[in-house]
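These notes are about the structure you will find just below.
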Ligand SMILES: NC(=O)c1ccc[n+]([C@@H]2O[C@H](COP(=O)([O-])OP(=O)(O)OC[C@H]3O[C@@H](n4cnc5c(N)ncnc54)[C@H](OP(=O)(O)O)[C@@H]3O)[C@@H](O)[C@H]2O)c1
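Residue numbers (UniProt numbering): 1 to 442.
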């Protein structure tokens, strides 16, 4: 949020005089240096002195001069970490004043008006007064699956804090603000798995944490450790270290994956795999199955950390997630099914409901496979081509040389979960594609 504010003020006050446009950074630097003359003065005195700098005199005058002074003073007094993030009200007042007085500042200053209005909306949305937050979810909160979890949490009445890498990216988060209850009970804050302590502010004071963010990449572009393994494993531990600091924490739900169960070379096709099975780390390394390796190592690391630190952890292991998508763009797993061979499939709504179920159920413990049905790719296309004859679905795929397996999902079912069918998940997915114009007819 601090970033949104400083960007907004930067665009608005770009010009120190009409002949030589100045960036806000250079104005801050000059004004701050003006206030730094005496080392013994308090931060308030320095800020007041900085405000007297002739370099910003043109901004202090005029119909919005008072609002500018309040915002600028607050910004200068803000700590290095929070630069401006605690100054939402004066910035919003300033922006409102500029809107009401379009001639208050020079044309240069007001050039990016549309962008400023958008940013003001974002600031206002993020600044909605909050009551006590009962729950914190996703760290992976901007993609379809996390979006669906947020949707379900809001519908269940929870207050939700979602962490995203860029809360100002409307393309990624705009759809979240349209969810029922979002204006009243959703807050988005900035956090990155690879920044130590990045989740502290979001997690402190919450009762529940859903950790869903993880890189979903088949192949790294330059370095598997940097791009996939570290964000997954160290990122999970980073989040859990923030959880450890929260005395109110009740339970953490980690989104793992059914792939942490089924990638091994000793599967007995006659015995359905259950939560006691772990994918082989050696096998994943040997065949460079990096995503599965990252999810397996991350979940194992989470169990070790939570056991050592007495954190109530439950992990959910969804199979391939299918269903309607809330964001306008398709997510990273919307790709070629041929490659996957035999897969379990699960409806996105069931995944969100299962997260909430294992969070709320008092006796939930350990790992939970979350999957409706396992199908070979040929079985899948046979169902789909028959159901949607007008869609260009191949009749057959090349047979993949993979071991056959089934999942035993009785553990989650014993908590009351009832899974939607493969037909329902694809019906909903295709209806959503049609609505979004991604396919024209069925
Ligand atoms: N899709 C499936 O079928 C499936 C099945 C089982 C489990 N899962 C699990 O579900 C979760 C989401 O998967 P998805 O399919 O929705 O994949 P996705 O679309 O690629 O989403 C991954 C999410 O992780 C976030 N992320 C990645 N690196 C990050 C970092 N360094 N800091 C903060 N956030 C970071 C991404 O944020 P940005 O948007 O900022 O990039 C994105 O929101 C993952 O844990 C995945 O393993 C998925």
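Quick reminder that beta carbons are idealized off the backbone N, C-alpha and C, glycines included.
Keep in mind that this is a model prediction, so the values were computed, not measured.
Residue i CB to nearest heavy atom of ligand 1 below 7 Å
| i | result |
| --- | --- |
| residue 146 | yes |
| residue 214 | yes |
| residue 419 | no |
| residue 165 | yes |
| residue 172 | yes |
| residue 192 | yes |
| residue 321 | yes |
| residue 220 | no |
| residue 255 | yes |
| residue 295 | yes |
| residue 235 | yes |
| residue 269 | no |
| residue 231 | yes |
| residue 324 | no |
| residue 247 | no |
| residue 54 | no |
| residue 318 | yes |
Short Cβ contact (8 Å threshold) for residue i with residue j
| i | j | result |
| --- | --- | --- |
| residue 211 | residue 176 | no |
| residue 284 | residue 318 | no |
| residue 421 | residue 342 | no |
| residue 63 | residue 101 | yes |
| residue 358 | residue 316 | yes |
| residue 252 | residue 311 | yes |
| residue 162 | residue 186 | yes |
| residue 149 | residue 207 | no |
| residue 160 | residue 167 | no |
| residue 479 | residue 181 | Residue coverage of the chain in this structure runs from 1 to 442, which leaves residue 479 outside it and unanswerable. |
| residue 364 | residue 415 | yes |
| residue 381 | residue 395 | yes |
| residue 430 | residue 388 | yes |
| residue 378 | residue 340 | no |
| residue 214 | residue 356 | no |
Other residues of its chain near residue i: CB distance less than 7 Å, five sequence neighbours each side excluded
| i | result |
| --- | --- |
| residue 77 | 43, 44, 47 |
| residue 438 | none |
| residue 203 | 136, 209, 242, 243, 246 |
| residue 201 | 189 |
| residue 80 | For residue 80, the pLDDT reaches just 47, beneath the cut-off of 50, and the residue's location in the model is therefore unreliable, leaving the point undetermined. |
| residue 307 | none |
| residue 30 | 53, 55 |
| residue 433 | 439 |
| residue 117 | A caution first: residue 117 carries a pLDDT of 36, below 50, which makes its placement in the model too unreliable to give a value. |
| residue 191 | 139, 163, 198, 199, 202 |
Other residues of its chain near residue i: CB distance less than 8 Å, five sequence neighbours each side excluded
| i | result |
| --- | --- |
| residue 454 | Residue 454 is absent from the model: the chain starts at 1 and stops at 442. |
| residue 69 | 51, 60 |
| residue 281 | 293, 296, 297 |
| residue 129 | Here residue 129 scores only 32 on pLDDT, less than 50, and its place in the model should not be relied on; the value that follows carries that caveat. Within the same chain, residue 129 has no close Cβ partners at all. |
| residue 221 | 227 |
| residue 354 | 316, 318, 368, 370, 412, 417 |
| residue 264 | 277, 278, 279, 280, 283 |
| residue 114 | The pLDDT assigned to residue 114 is 38, lower than 50, so where the model puts this residue is not dependable, and the model offers no usable value. |
Neighbourhood of residue i by C-beta, 6 Å cutoff - its chain only, sequence neighbours within 5 removed
| i | result |
| --- | --- |
| residue 273 | 261, 262, 405, 407 |
| residue 111 | Because residue 111 sits at a pLDDT of 44, beneath the cut-off of 50, its placement in the model cannot be relied upon, and the following sentence gives the value as read from the coordinates. So no residue of the chain qualifies. |
| residue 151 | 179 |
| residue 294 | 228, 229, 232 |
| residue 409 | 369, 371 |
| residue 428 | 323, 324 |
| residue 34 | 50, 53 |
Residue i at chain E interface by Cβ criterion, 8 Å
| i | result |
| --- | --- |
| residue 294 | Chain labels in this structure do not include chain E; a single protein chain is all it has. |
Quiz item: What are the complete alpha helix (DSSP H) segments, minimum 4 residues, inside the region 170-202?
Solution: 170-173, 182-185
Quiz prompt | Contiguous alpha helix (DSSP H) assignments of at least 4 residues, all confined to the region 267-338 | solution = 281-286, 290-308
Quiz item: Is it a yes or a no for the region 230-237 touching the region 166-184, going by three-plus beta-carbon pairs under 8 Å?
Solution: no
Quiz item: Does the region 343-350 touch the region 412-431, meaning 3 or more C-beta pairs lie closer than 8 Å?
Solution: yes
Quiz item: Does the count of Cβ pairs from the region 294-311 and the region 264-272 closer than 8 Å reach three?
Solution: no
Quiz item: Which runs of the alpha helix (DSSP H) fall wholly inside the region 211-267 and span at least 4 residues, in chain order?
Solution: 230-244, 259-262
Quiz prompt | Completely contained alpha helix (DSSP H) runs for the region 367-430, where each covers 4 or more residues | solution = 377-387, 410-413
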